[in-house]
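Single-structure report; data block below.
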Amino acid sequence: MPDSSTPDSPRPVTLVTGGSRGIGAATCIRLASEGHDLALGYVRDAEAAERTAAAVRSAGARCVTVRADTAEEADVERLFDTVAERLGPLTGLVNNAGVTGPLGRLADTSAETLRRVVDVNLLGYLFCCRRAAKDLAAGGGGAIVNLSSVAATLGSPGDFVHYAATKAATDALTVGLSKELGPDGIRVNAVAPGMIDTEMHAMAGDPDRALTALPTIPLGRVGAAPEIAAAISWLLSAEASYVTGAVLRVSGGR
């Protein structure tokens, strides 16, 4: 896999889905500072996507933004085609696009919300991994990092057990695909964030959710998006060349 730490190697080309805000945006900016060229996928906020792209370009990296709903197979194919056409062969995928729906008990959650969460968080990851597997194998290898969550093991009762279920599926996908793609030179890992200070909580209906969780966090503070970006960056790098099938928990001890 091309690596930014090797001066004579090509620049890595990394696709980050859900790259306009939060962890996705922090990851794009971190990777740009480490020599990656970026493709930034987003579903609705074009203004936020362009702000992140501007920050990426100011770090000296190339960046393309592509509106794509990863729950739609045709959108995923178009997204990856655009990466190849505009930036060159893909070397890495960060599967970050995700939704939670409103906070609440499963018994009170609409069928529409359940379908959307499963479609984006699971089917979307599968679509992206399937295409990345083909593109990375054609290029001689690479790396995939899936965004999981501590919800996969904590279950998130009363908040969004449906979201937690999709993240448990992400962990299974990561382990299974790492074994399937290892012979092709493709590493597959996941990062499982804990309570992180992003807009996700407000979008789910509780802007103060991260702060109210403080008593449950052994380190006594909420995490920041750049801390998750650092873990993702390491898993994509040559320093993690013997790491595959891992789910790296970045959660302050939760």
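Per the numbering used here, residue 344 is the first one in the sequence shown, and the count goes up by one each step.
For each residue, glycine too, the CB sits at the ideal point set by N, CA and C.
#### Entry: Touch test, the region 376-392 against the region 451-461, Cβ-Cβ under 8 Å, three pairs minimum
no
### Message
Just to confirm my understanding: we take CYS471, look at its own chain, exclude 5 residues before and 5 after, and list those with CB closer than 7 Å. What are they?
### Response
THR360, THR413, VAL419, LEU436 and ASN438
#### Entry: Delimiting residues of the alpha helix (DSSP H) encompassing PRO569
568-579
### Query
For the alpha helix (DSSP H) that ARG373 lies in, which residues bound it at each end?
365-376
### Query
What did DSSP end up calling ALA397 once you bin it into helix, strand or coil?
Reduced to three states, the DSSP call for ALA397 is helix.
### Query
Leaving out five residues before and five after THR408 in sequence, what residues of the same chain have Cβ atoms less than 6 Å from its Cβ?
LEU383, ALA392 and ALA396
#### Entry: As assigned by DSSP and simplified to three states, the class of VAL593
strand
### Task
Using beta-carbon positions only, say whether ALA507 and GLY498 come within less than 7 Å of one another.
yes
### Message
Just to check my reading of the structure: ALA495 and LYS510 have Cβ atoms closer than 8 Å, yes? What is that Cβ distance to the nearest angstrom?
### Response
With 8 Å as the limit, ALA495 and LYS510 qualify as a contact, their Cβ atoms being about 4 Å apart.
### Query
Going by alpha carbons, who is nearest to SER376 out of VAL590, SER576 and ALA583?
By alpha-carbon distance to SER376, the top candidate from VAL590, SER576 and ALA583 is SER576.
### Task
May I ask you to report which of helix, strand or coil DSSP gives ASN464?
Note: ASN464 maps to helix in three-state DSSP.
### Task
Using DSSP bridges, identify the partner residues of PRO536.
Note: PRO536 sits in a beta bridge opposite VAL593.
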